[in-house]
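To start, the structure under review is shown below, and the notes come after it.
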Amino acid sequence: MTDLATDVLIVGAGGAGMYAAIAAARAGAGHVLLADKSLVGRGGATIMAQMTVAAALGEECPDDWQAHLDDTLAAGRGLCDENLAALLCRDAPARIREMAEWRVGWARRENGRIAQVTAPGHSRPRCCYVDFLNTGPAVAATLRRQISQIGVINRVSNLAVTDLLVHDGEVVGAVALDIAEGEPVRIAAKAVIIATGGLTRIYQRNSASANMGGDGYALALAAGAALVDMEFVQFFPIGHLAPRVVGMDPIMWDPFRYKLGGRLLNRDGREFLADYGSDESAGYTTPRDIATYAIQKEVAAGRGSPNGGVYLSFTHVPRHSLEAAFGPVIGRLAKNGIDLARAPVEVAPIAHYHMGGIAVDTDMASSVPRLFAAGEAAGGANGANRLSGNAIPEALVFGEVAGRSAALLAAKRPMSALPSGAGADIVEQIRSLADGRKGDIAACELLDELREIMWRDVGPFRSAKVLSRAIVRTEEMRAALPKLSLPPGRRFNPALAEWFELRGSLIAASAVAHAAAARIESRGAHQREDYPDSDPAWARSQRITMTAEGGITLGPSQ
Amino acid sequence: MTKHTARLRIRRGTADEPQPRYEEFALPFEPGTTVLDALIAIRRQQDPSLAIRYSCINANVCKECLIAIDGVIDYACTTRLRDDKVMTLEPLPGKPLLRDLVTEIRPPRERLK
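Which chain is which? The protein sequence lines are A and B, in order. Under the numbering used here, read the first sequence as residues 6 to 563, first letter to last. Under the numbering used here, read the second sequence as residues 88 to 200, first letter to last.
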């Protein structure tokens with residue numbers, strides 16, 4: 006068996022994980038292990054981002070980070086952890102300018118200034134981007150280039166951390182599955198950073214990468230850490246629905262709404278956002294939670310489009326303006342049979358981001374010693390609803406802080422081997438699963454069922470009845486884990502990694518459902534059919550921990 | 088919408104097997120469905136052991152699902168299914184085979200020593 010030792014183990018190599026590695030190296034870490042289930046820098050959410058990045062650069066008009074913070078707190082509907090939100094907004098400009106120095110290629114005006122647009126919820130033009138629809142891939146490629154030049158960063162792809170190892174109340178390392186060989190790996194670490202992104206992959210309609218099933222939350226809970234705001238899942242209102250498009254991310258339409266003012270229409274061709282209190286006569290300003298609510302209500306009232314969404318129309322925009330704004334994207338759309346000058350497309354909400362996550366302080370330290378979190382995996386900064394453009398700054402800013410904090414902590418401790426026998430049960434479990442198991446149902450089938458349940462019962466609209474149904478079923482599925490069928494095989498056996506993915510996703514799903522059931526009000530991204538109004542008494546966060554038996558426990562924030 | 092049937096002839100197994108082995112799968116599809124959609128559906132409905140690399144699923148940004156489709160190197164996520172002939176799916180030529188359609192595409196520095 007392979008045994009590894011490192012100063013800082015980073016679980017997940019998207020934007021937050023890659024940045025954490027850079028920061029840990031800068032802070033003097035002698036050895037950083039950057040591990041990803043998928044390929045380093047190619048999975049996760051960062052590379053999927055096609056939209057904008059918020060930072061108070063003041064390139065278009067005067068701006069300061071406190072104005073950005075005001076907008077972030079307003080979007081968060083009273084639930085943001087103000088210290089985390091302030092950190093995000095304060096450090097975002099430095100990170101974004103650093104990315105410019107690293108030649109990410111922010112779009113610029115003719116005068117050379119970085120272009121900034123006004124995304125929904127922002128009080129001024131603050132959001133930069135890389136044309137065309139290339140923001141995430143450019144950020145990911147830039148970070149990949151940076152980490153490849155730093156010798157102390159050891160990258161490992163296809164390494165799935167299955168369990169954290171805890172000794173005397175502290176995290177001391179992890180056990181991982183080497184997916185390529187199907188073998189267990191033990192890792193001793195002085196500090197661990199969870200940068201696994203969110204959990205949107207557990208929803209049927211999602212804009213996630215395959216490795217975003219919420220396993221980082223399960224790792225943290227099992228290690229004794231607390232989660233916060235788990236009930237708040239952001240549904241991006243205008244995810245692409247029809248006609249079928251390939252080679253493009255379903256969240257592609259937003260920047261074109263900013264640039265061109267695409268109109269949202271119901272079945273009758275009527276703009277409906279004003280019916281829900283959002284006036285868009287002065288531009289595209291409706292926050293995501295309200296737009297999602299309005300679209301779902303139109304569909305429920307029978308005024309939706311044929312495939313169960315609404316129409317997004319650019320037919321009022323002259324063809325030359327479409328071509329100028331969409332650039333090469335027009336050709337990619339044409340290959341998919343879409344001509345925006347002639348016909349609208351259908352859009353509908355899609356699970357896009359998770360506001361909740363691992364509870365951290367402003368050093369990104371969790372409630373368990375030596376365990377940190379960064380990026381979407383960390384909860385609290387965005388409260389009940391994330392402001393557009395805050396996800397990539399969150400990844401970079403929190404990644405920087407987590408990497409630095411973890412390296413400074415690691416520097417104070419000598420490297421020590423794992424306690425004898427640590428993780429032996431997990432190693433045995435991996436080997437036993439790789440031998441194969443007979444059963445009636447496979448993990449991938451239950452993952453599909455879980456995605457259906459989460460979309461139907463723990464989605465944009467919730468009620469006590471459907472939430473309790475989801476809680477019961479996820480617990481049944483957790484109990485069924487030992488009895489699942491699993492084809493034997495070690496080398497790149499997809500079912501082996503999938504068994505662990507399902508185990509983590511069920512815990513993450515259960516945490517969301519429990520928190521949603523307990524919050525008997527509607528706020529931001531959490532909308533209850535049976536409690537449609539906000540309740541001032543609920544202007545507080547909930548924390549989730551795990552009992553020794555693996556149960557989900559809810560409590561108020563501290 | 089008219090239902091179509093795709094027939095996919097897929098190279099199976101690991102490099103340890105002496106002879107290349109192929110299995111044929113049939114599945115119904117609606118126009119617009121991609122090869123990656125079909126592979127995910129086959130895993131879900133017929134054979135969970137089928138190995139394929141993918142990450143971004145539909146956006147064509149991760150570039151992990153590159154395979155040989157009827158002998159042409161292409162992305163499974165952007166190639167549409169057809170029903171007029173059997174489509175042959177094989178792992179990337181020239182890369183070490185791990186299992187089925189999965190090859191060793193990790194840069195050497197991203198592998199466990």
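By construction, the Cβ of each residue, glycine as well, lies at the ideal position given by its N, Cα and C atoms.
In the three-state DSSP reduction, A:Cys85 falls in the coil class, being neither helix nor strand. The DSSP-derived three-state label of B:Ala163 is coil.
For the pair B:His91 and B:Tyr162, the Cα-to-Cα distance works out to about 21 Å.
No Cβ-Cβ contact shorter than 7 Å links A:Leu317 with A:Leu265. For A:Lys195, the uninterrupted beta strand (DSSP E) run begins and ends at 188-199, by DSSP.
At a cut-off of 7 Å between beta carbons, A:Ser162 contacts chain B. Contact annotation for A:Asn387 against chain B: no contact, minimum CB-CB distance about 23 Å [criterion: below 8 Å].
By the neighbour-count definition (other C-beta atoms within 10 Å, threshold 16), A:Glu115 is an exposed residue. In the DSSP assignment, B:Met174 is bridged to B:Leu95. By the Cβ-count criterion, A:Cys94 is buried, with 16 or more other Cβ atoms from all chains shown falling within 10 Å of its own Cβ.
Taken through DSSP and simplified to helix, strand or coil, A:Ala40 comes out as strand. Counting the other CB atoms within 10 Å of its CB gives B:Lys172 a total below 16, which places it among the exposed residues. Under the three-state reduction of DSSP output, A:Met482 falls in the helix class.
A:Val45 sits close to A:Ser162, with the two beta carbons spaced by under 7 Å. Beta-bridge pairing by DSSP links A:Cys132 to A:Ala59, A:Val122. With respect to A:Glu276, A:Gly314 sits apart: the two C-beta atoms are not nearer than 7 Å.
Along the stretch 27-55 of chain A, the positions whose C-beta sits under 7 Å from a C-beta of chain B are Ser43, Leu44, Val45, Arg47, Gly48, Ile52, Met53, read in chain order. One thing to note: A:Gly110 has its Cβ no nearer than 7 Å to the Cβ of A:Val144. Among the residues of chain A, none has a CB under 8 Å from the CB of B:Tyr109; the nearest is roughly 18 Å distant. For the pair A:Glu554 and A:Gly218, the CB atoms are not nearer than the 7 Å cut-off.
Around the beta carbon of A:Ser128, fewer than 16 other beta carbons lie within 10 angstroms, which makes this residue exposed. Using a Cβ-Cβ cut-off of 7 Å, A:Phe497 is close to Ala138, Leu185, Arg186, Val189 of chain B, given in chain order. Taking a C-beta cut-off of 7 Å against chain B, none of the residues of the stretch 297-310 of chain A qualify.
With at least 16 other beta carbons inside 10 angstroms of its own, A:Ser527 counts as buried. Nearest to A:Leu182 by alpha-carbon distance, out of A:Leu423, A:Ala422, A:Ser43, is A:Ser43.
Closest by C-alpha distance to A:Arg272, out of A:Gly187, A:Arg249, A:Asp254, A:Val304, is A:Val304.
For A:Asp540, not one C-beta of chain B is nearer than 7 Å to its own C-beta. Just so you know, the alpha carbons of B:Leu168 and A:Leu338 end up roughly 19 Å apart.
Membership of A:Met235 in any beta strand (DSSP E) is not indicated, and neither H nor E is assigned to it by DSSP.
By the criterion of at least three beta-carbon pairs nearer than 8 Å, the stretch 441-457 of chain A is not in contact with the stretch 190-197 of chain A.
Residue-level contact check: B:Gly181 does not touch chain A, since none of the beta carbons of chain A fall below 7 Å from its beta carbon.
Around the beta carbon of A:Asn387, a 10 Å sphere encloses 16 or more other beta carbons of the protein chains shown; the residue is thus reported as buried. Per DSSP, the continuous alpha helix (DSSP H) segment holding A:Val406 begins and ends at 396-416. If you check the CB distance, B:Ala146 and A:Asp254 come in under 7 Å. Within chain B, the residues whose beta carbon sits less than 7 Å from that of A:Ala500 are Pro135, Ser136, listed in sequence order. Among the residues facing chain A, B:Ala146 is included, as its CB has a counterpart in that chain under 7 Å away.
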